[in-house]
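Numbering (our numbering), first residue to last: 4 to 280. We put the CB at the ideal spot given by N, CA and C, even for glycine. Nothing here was measured: the structure is a model prediction, and the numbers come from that model. One structure is given here, and the rest of the page talks about it.
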Amino acid sequence: MDFVEIPRGVLLMGDKRLHDASPPHHVEINGFGVGKYPVTNAEFAEFIAARGYETERYWTAMGWKWLRGRLVAKDGQPELAPGFWHEPRLNQARYPVVGVSWYEAVAFCNWMSESCKQVEGETGKQVEREAGKQVRYRLPSEAEWEYAARGADSARNFPWGEKFERGRANTAEAGFGGTTPVTHFPAGVSPFGVWDLAGNVFEWTLSKWGANWQELQYPYPYRVESGCQDIEGSGARVMRGGAWFNPYQEALCAYRSRYLAGSRGSNIGFRVARILA
Numbered sequence: 004m005d006f007v008e009i010p011r012g013v014l015l016m017g018d019k020r021l022h023d024a025s026p027p028h029h030v031e032i033n034g035f036g037v038g039k040y041p042v043t044n045a046e047f048a049e050f051i052a053a054r055g056y057e058t059e060r061y062w063t064a065m066g067w068k069w070l071r072g073r074l075v076a077k078d079g080q081p082e083l084a085p086g087f088w089h090e091p092r093l094n095q096a097r098y099p100v101v102g103v104s105w106y107e108a109v110a111f112c113n114w115m116s117e118s119c120k121q122v123e124g125e126t127g128k129q130v131e132r133e134a135g136k137q138v139r140y141r142l143p144s145e146a147e148w149e150y151a152a153r154g155a156d157s158a159r160n161f162p163w164g165e166k167f168e169r170g171r172a173n174t175a176e177a178g179f180g181g182t183t184p185v186t187h188f189p190a191g192v193s194p195f196g197v198w199d200l201a202g203n204v205f206e207w208t209l210s211k212w213g214a215n216w217q218e219l220q221y222p223y224p225y226r227v228e229s230g231c232q233d234i235e236g237s238g239a240r241v242m243r244g245g246a247w248f249n250p251y252q253e254a255l256c257a258y259r260s261r262y263l264a265g266s267r268g269s270n271i272g273f274r275v276a277r278i279l280a
């Protein structure tokens, strides 16, 4: 998996034209790495092969409970894969994985954190990237996600600039009728060099929306101390970026969408953040 290093900086977060993303305000962002692309089907297949769906330690308590409730036998066999996994139109190797709940995305990140330590130990490489620090993986917060999309100057409505332009993102206006390869839109790359932050799939973030998807319980200004990034619990989580069957307005860098943590969709995927802990 390729990562882009995002430097420490200050994000002007939000958009006064968007009710749920107001008021605009400044948020300090620590340096972090972010997946250059959304997680692909090929990458998620490694999690399945590693028995990620059968390993409780990768899952949050609510995530494991959710998973146990979903394992309804089909022809005597439990379903251990995302939704839409067997649909050829959506399951090509370099296409973004879809049909993943927030719980599944978190489990994948936890598996990556453990796998990184195991692989580096076997090869003799040190896990340390800085003195006393180790790499771990998680979902990006919505503040980190927006910073990766808007750039250091926070000056863009879309990753490429002020106005929407066809040919830069897979939104409903593109007319593809499904997902596209994660490298399909070089003209849509963000100032930091991150791909597919607008369109293709909505991306889960670490951040909470509220106990349900109707009521916003974590309004701006964005404050980590509010508990909005707590990993445990259920409720709705924030998604960012728009998707292939959503209008371009939902691909604005500041646009906040949300879904229940246990929900899946053919327009929902995720990318991974890399943190020095």
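Q | residue 252 classed as buried or exposed, judged by whether at least 16 other C-beta atoms fall within 10 angstroms | A | exposed
Q. Expressed to the nearest angstrom, what Euclidean distance is found between the alpha-carbon atoms of residue 239 and residue 216?
A. 5 Å
Q | Buried or exposed by the 16-neighbour rule on C-beta atoms within 10 Å, applied to residue 107 | A | buried
Q: To the nearest angstrom, report how far apart residue 88 and residue 273 are at their CA atoms.
A: 15 Å
**Q.** Residue environment, residue 98, which counts as buried when at least 16 other CB atoms sit within 10 Å
**A.** buried
Q: Report yes or no: do the region 220 to 240 and the region 184 to 204 share at least 3 C-beta pairs separated by less than 8 Å?
A: no
(Q) Just verifying my parser: in three-state terms, what is the DSSP assignment at residue 4? (A) coil
Q | Boundaries (first-last residue) of the beta strand (DSSP E) holding residue 234 | A | Careful: residue 234 lies outside any beta strand (DSSP E) and carries neither H nor E.
Q. To the nearest angstrom, how far is it from the Cα of residue 271 to the Cα of residue 191?
A. 19 Å
Q) What three-state label does DSSP hand residue 166 in the structure shown? A) coil
Q: Leaving aside the five residues before and after residue 146 along the sequence, list all residues of the same chain whose C-beta is less than 7 Å from its C-beta, in chain order.
A: 14, 16, 30, 32 and 225
Q: Below 7 Å CB to CB, which residues in the same chain sit around residue 63 once its five sequence neighbours on both sides are set aside?
A: 106, 109, 234 and 235
Q | Contact under 8 Å by Cβ, residue 254 with residue 244 | A | yes
Q | Alpha-carbon spacing of residue 19 relative to residue 207, whole angstroms | A | 23 Å
**Q.** Local Cβ density within 10 Å of residue 165, reported as buried at 16 or more and exposed below that
**A.** exposed
Q. By Cβ distance below 7 Å, which residues in the same chain neighbour residue 281 in space, the five residues on each side in sequence not counted?
A. Residue 281 cannot be examined here, being either before or after the span of the chain that is shown, 4 to 280.
**Q.** Opposing strand residues paired with residue 173 [DSSP bridges]
**A.** 202
Q.
Ignoring anything shorter than 4 residues, give me the alpha helix (DSSP H) runs that lie fully in the region 8 to 64, in order along the chain.
A. 44 to 52
Q. So who's on the other strand from residue 213, going by DSSP bridges?
A. 239
Q. Where does the unbroken alpha helix (DSSP H) through residue 276 begin, and where does it stop?
A. No alpha helix (DSSP H) contains residue 276, which is instead part of the beta strand (DSSP E) from 276 to 279.
Q) Which word fits residue 57, buried or exposed, when buried means at least 16 other C-beta atoms lie within 10 angstroms of its C-beta? A) exposed
Q: Using 10 angstroms around the beta-carbon of residue 151, count the other beta-carbons present and answer buried if the total reaches 16, otherwise exposed.
A: buried
Q. How would you call residue 96, buried or exposed, if buried means at least 16 neighbouring beta carbons within 10 angstroms?
A. exposed
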